[in-house]
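Contents: one structure, followed by commentary.
2 protein chains.
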Amino acid sequence: MTQSLSTVTDGQLVDFRDAIGDIPLTADPGIVRRRSRDFFWYSPILNQQLAGKTADLLVTPRDEADVIRVAAACARFGIPLTPRGAGTGNYGQAVPLAGGVLLDLSEMTKIEWHKPGVVRVEPGSVMADLDAALQPQGWELRMHPSTKRKATIGGFIAGGSGGVGSIGYGGLREPGNILAARIVTLENEPRVLELRGDAAQKINRAYGTTGIITSLEPPLAPAWPWIEMIVAFESFGEAMAFGYDAALADGIVKKLLSPIAWPLPSFFGEMRDACPEGQAVLIAMVAAPSLESFKALLGHRGAITLERQSSDRAGQVPLYEYTWNHTTLQMLKTDRGVTYLQCLFPHDDLLAKVAAMTNRFPGEIHGHCEFIRFGGRVTASALPVLHYTTPERLDEIIAIHEAGGVMVANPHVVTLEDGSRHKRADADQLGFKREVDPKGLLNPGKMRSFIPVSATPQG
Amino acid sequence: MTQSLSTVTDGQLVDFRDAIGDIPLTADPGIVRRRSRDFFWYSPILNQQLAGKTADLLVTPRDEADVIRVAAACARFGIPLTPRGAGTGNYGQAVPLAGGVLLDLSEMTKIEWHKPGVVRVEPGSVMADLDAALQPQGWELRMHPSTKRKATIGGFIAGGSGGVGSIGYGGLREPGNILAARIVTLENEPRVLELRGDAAQKINRAYGTTGIITSLEPPLAPAWPWIEMIVAFESFGEAMAFGYDAALADGIVKKLLSPIAWPLPSFFGEMRDACPEGQAVLIAMVAAPSLESFKALLGHRGAITLERQSSDRAGQVPLYEYTWNHTTLQMLKTDRGVTYLQCLFPHDDLLAKVAAMTNRFPGEIHGHCEFIRFGGRVTASALPVLHYTTPERLDEIIAIHEAGGVMVANPHVVTLEDGSRHKRADADQLGFKREVDPKGLLNPGKMRSFIPVSATPQG
């Protein structure tokens, strides 16, 4: 039953299945293999590295008690465990490298409680479902990825960093953007730990290596009626310049400002008619009461080619599904020869630095930025789309960006360290992992700085 | 009946009274003189310059029709007209320099309509009353001065620039912070003009020189339950450093961050017990759901000495009445020998620049900053309190600040130009004034760049 790449023996799996009783699971290789994947195929390098990686079993806990039982069994029998949301990431962050158990948390979707400005939820809730439950009461999640209609809140916090909404609130790492998390440890007798405030950062973008999240307390934003728009500009530079002005305009409430260079909009499928030939676009989400001010700021600098109420479920594709890493996806649907970078520009002299980097690779890289707040300053995250040739050229392009002061979170590597802007594991997270996963069984291989106390099975 | 300083004759006033019919007015010199003043006595220089300045008549319109009738009569008989809110300003901005009519708009308090995120109001509403009406529906004004419990929305927009709330939304000048205004022109046949978007900026901080505001459309903020706190620090530098970190923390929702150096808190009356001897304080307003994150960020850097729900009307003095220019007032109550500056620090290298300027005048100036957003960046407005000696020394201190890159909006001058950071009238406002007040009768003397077409009475 085990895959050739797995470190787990059939005997271990039999013991495990005996131990967990009636908790739903499947060993069907097709299902397990399919659910072990994510969108790592955006990267030609990861696509090779992660080919064939799969868990042995897919286990679907119904509640925290189930999670505790699974964690205890994995600890006892030395079986790797990789927690998992919807698998909408791009970094292979929840692809099991050593087989074992894939813990599918998507059935744990309870809203434990909700009060003004805060919600307490299980990790498996799809973010669009959460907003659908919260918005009638005047609240919504502060930020979400472009995969909101599929991605889970747990997967986002364990694997992501920010997204739509980060122009108002910054990323998940900013103080106040994760109020608390509850985790189950990977030990023979698992503990349940409540992590509040700074401590909650220990599970942020840790790929599930620092405990199994069973409950999350994200802060909320007041829900606005959002207007989504496509604005066309003569050039990417003009889309950037206006987007930056709008990003800096604190009187205009917005959730998304995404300047995208031609020819990327030519791949925008059903939005193609709203994307004039040869022009750059800015995709924006603006609160309805700020729309008039947004248009006054725009003046004649660009032309609004599409304007409508934004909705996650009106039978239309929300425009945020053309932004963040969905921009890359739109082109990949047609051209599998492209991939992307994930960059953070410094906030000072921003427009000049984006222009310099964009102009440096004509025809090879197509500009795509996302305005965000980072550390209290307006700056741009960038997900430029590039025509891939060789790993060496990709490394060279990354090196040129870094030499130019642009931080690159390399999306073509599988470890936390290599994929971070600082090329190292967060010290708190690394130390915390020793406490909660001493045997190194949680998503092994992703936090490569971690050396387990003992990785051998214990009775 | 006219005062010695007035330019208006008894004959003009008789004609005027005949023309306006039953619109309430008084010529009682005691009342008119008292209502012609504001808090310009904060400045020893203005206190001399404006001594004895008074209108001839106090007129109190009930609605826009009354305003039109008064404007027509003033135009026809060549009588100066100074519109007026509650008179809580500090710059003498609504003190009539040439007599005439003081137009008291404080009876025009109707809420014309309210929808999510926007309200349409007459100019005379006291801001605390507006919030009391809006908050039960989940909304509140985005920003208000420390005089919120007395000041009118019209006076704030015509005479102010920002205040409590500007750490989230910037000042009134930012795009989107004044959606629209309706004004009555000062002509024989007054026109009623709706100013939307950029055009609404023509009445922002124009001291009533560019038309009589009869209706305003401010955008709203979602109303949070605000927690107000006093946090004590060993030094002003530490209060600044933490306040700056909190200001930059986009995940923490806040409305006020005011670092104040000792000995200013020693003058804080009933708050004195919460202000430890010799220590600086930070006064803060934080949204209740962000309180835990605020405290986590604070850690052991400072000590919270007071924490309570903020309220405009709970029988307690709200803490914002110890911030902005109320900080100065608290000391002035005891020591009439002090006055203040109104500064804007550049956003780069902020803490070092504030420290340098604060340390330059030991014993002479006491540090007081207000964190705000300005042009999309976090920076500090500063209202340091200084021990006044001579006009020459005051000018010298201002010159030292300006040489150090700090912009000073001189609060010791009466004209718009001299009091602005750029020492000139806004070009749009100056041009607009020619259209709406060709005779230069609106608050004459305040926009000194303006030369009227004709200031002589016309039949």
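These protein sequence lines map, in sequence, to chains A and B. All residue numbers for the first sequence refer to the numbering used here, where the first residue is 91 and numbers rise by one. All residue numbers for the second sequence refer to the numbering used here, where the first residue is 91 and numbers rise by one. Built from N, CA and C at the ideal position, the CB exists for glycine as well.
Fill in: Minimum C-alpha distance to V376(B) - residue among C433(B), H502(B), E318(B) and Q369(B)
E318(B)
Worksheet item: Thinking C-alpha only, which one of A515(B), T469(B) and I350(B) is nearest H456(B)?
Response: Across the set A515(B), T469(B) and I350(B), the C-alpha of I350(B) shows the shortest separation from the C-alpha of H456(B).
Discussion item. Using beta carbons (cut-off 7 Å, strictly below), is D516(B) in contact with chain A?
Written reply: no
Practice prompt. Report yes if the C-beta distance between A470(A) and F435(A) is below 7 Å; otherwise report no.
Written response: Yes; because the gap between Cβ atoms is below 7 Å, this pair is in contact.
Practice prompt. Can you tell me which of the three DSSP states H416(B) falls into?
Written response: helix
Discussion item. Under 7 Å, Cβ to Cβ, is there at least one residue of chain A near D340(B)?
Written reply: yes
Worksheet item: Any beta-carbon of chain B closer than 7 Å to the one on S383(A)?
Response: yes
Worksheet item: So which of R295(B), H234(B), Q227(B) and V496(B) has the shortest CA-CA distance to K205(B)?
Response: Q227(B)
Fill in: CB contact below 7 Å: N294(B) versus chain A
Answer no: the Cβ-Cβ gap between N294(B) and chain A never drops below 7 Å.
Discussion item. Please list, in chain order, the chain A residues whose beta carbon lies closer than 8 Å to that of D288(B).
Written reply: A386
Practice prompt. Buried or exposed for Q138(B), please, with buried defined as at least 16 other CB atoms from any protein chain shown within 10 angstroms of its CB.
Written response: exposed
Worksheet entry | Spatial distance of A445(A) from G327(A) (CA atoms) | The alpha-carbon atoms of A445(A) and G327(A) are separated by roughly 7 Å.
Item to complete: Please report the residue range of the beta strand (DSSP E) in which T172(B) lies.
Response: L171 to R174
Worksheet item: Any chance the region 255 to 275 of chain B sits against the region 340 to 350 of chain A, with 3 or more Cβ pairs inside 8 Å?
Response: The answer is yes - the region 340 to 350 of chain A touches the region 255 to 275 of chain B, with three or more Cβ pairs under 8 Å.
Item to complete: Check the Cβ-Cβ distances between R272(A) and every residue of chain B, and say whether any is below 7 Å.
Response: no
Worksheet entry | Proximity to T188(B) [Cα-Cα], best of A296(B), K238(B), V208(B) and L147(B) | The sequence as given places Ala at residue 188(B); Thr does not occur at that position. Of the candidates A296(B), K238(B), V208(B) and L147(B), the one whose C-alpha sits nearest the C-alpha of A188(B) is L147(B).
Worksheet item: Taking Cβ positions only, does V428(A) come closer than 7 Å to chain B?
Response: no
Worksheet item: By DSSP, does L473(B) sit in helix, in strand, or in coil?
Response: coil
Worksheet entry | Where the alpha helix (DSSP H) through S383(A) begins and ends | L381 to L388
Worksheet item: How about P186(B) and A141(B): do their beta carbons lie closer than 7 Å?
Response: The answer is no: Cβ separation not under 7 Å.
Item to complete: Evaluate P452(A) with the Cβ neighbour count: other Cβ atoms within 10 Å of its Cβ, from every protein chain shown; 16 or more gives buried, anything less gives exposed.
Response: Exposed: under 16 other Cβ atoms inside 10 Å.
Discussion item. Comparing C-alpha positions only, which one of F522(B), Q519(B) and H458(B) sits nearest to S325(B)?
Written reply: H458(B)
Practice prompt. Using DSSP bridges, identify the partner residues of V274(A).
Written response: Within the DSSP bridge table, the entry for V274(A) names V282(A) and I302(A) as partners.
Item to complete: Counting only the same chain and skipping the five closest in sequence on each side, list residues whose C-beta sits under 6 Å from that of Q183(A).
Response: G249 and Y297
Worksheet item: Using a Cβ-Cβ distance under 7 Å, would E212(A) count as near chain B?
Response: Cβ-Cβ to chain B under 7 Å: no for E212(A).
Fill in: Buried or exposed (CB count within 10 angstroms, at least 16 for buried), V104(A)
By the neighbour-count definition (other C-beta atoms within 10 Å, threshold 16), V104(A) is an exposed residue.
Worksheet item: Could you give the C-beta distance for D565(B) and R239(B), rounded to a whole number, given that I count them as a contact under 8 Å?
Response: As displayed, chain B neither begins before 91 nor continues past 549, which places residue 565(B) out of reach and without an answer.
Fill in: Length of the line joining the Cα atoms of N278(B) and R166(B)
So the alpha carbons of these two residues sit roughly 5 Å apart.
Discussion item. Quick check: V274(B) and I302(B), are their CB atoms within less than 7 Å of each other?
Written reply: For V274(B) and I302(B), yes; Cβs fall inside 7 Å.
Fill in: Three-state class that DSSP yields for W229(B) in the structure shown
Here W229(B) carries a strand assignment [DSSP, helix/strand/coil].
Worksheet item: Mind checking S356(A): buried by the 16 CB within 10 Å criterion, or exposed?
Response: Result: exposed.
Worksheet entry | Opening and closing residue of the beta strand (DSSP E) in which D194(A) lies | V191 to D194
Worksheet item: Would you report the Cα separation of S215(B) and A155(B), rounded to the nearest angstrom?
Response: 18 Å
Worksheet item: In chain order, which continuous runs of the beta strand (DSSP E) of length 3 or greater are located wholly inside the region 124 to 156 of chain B?
Response: The region 124 to 156 of chain B contains, as complete beta strand (DSSP E) runs of 3+ residues, the segments 147 to 149 (chain order).
Fill in: The beta strand (DSSP E) enclosing V321(B), as first and last residue numbers
Its beta strand (DSSP E) spans residues W316 to F323.
Fill in: Cβ-Cβ distance between P501(A) and Q406(A) below 7 Å
Cβ atoms of P501(A) and Q406(A): not closer than 7 Å.
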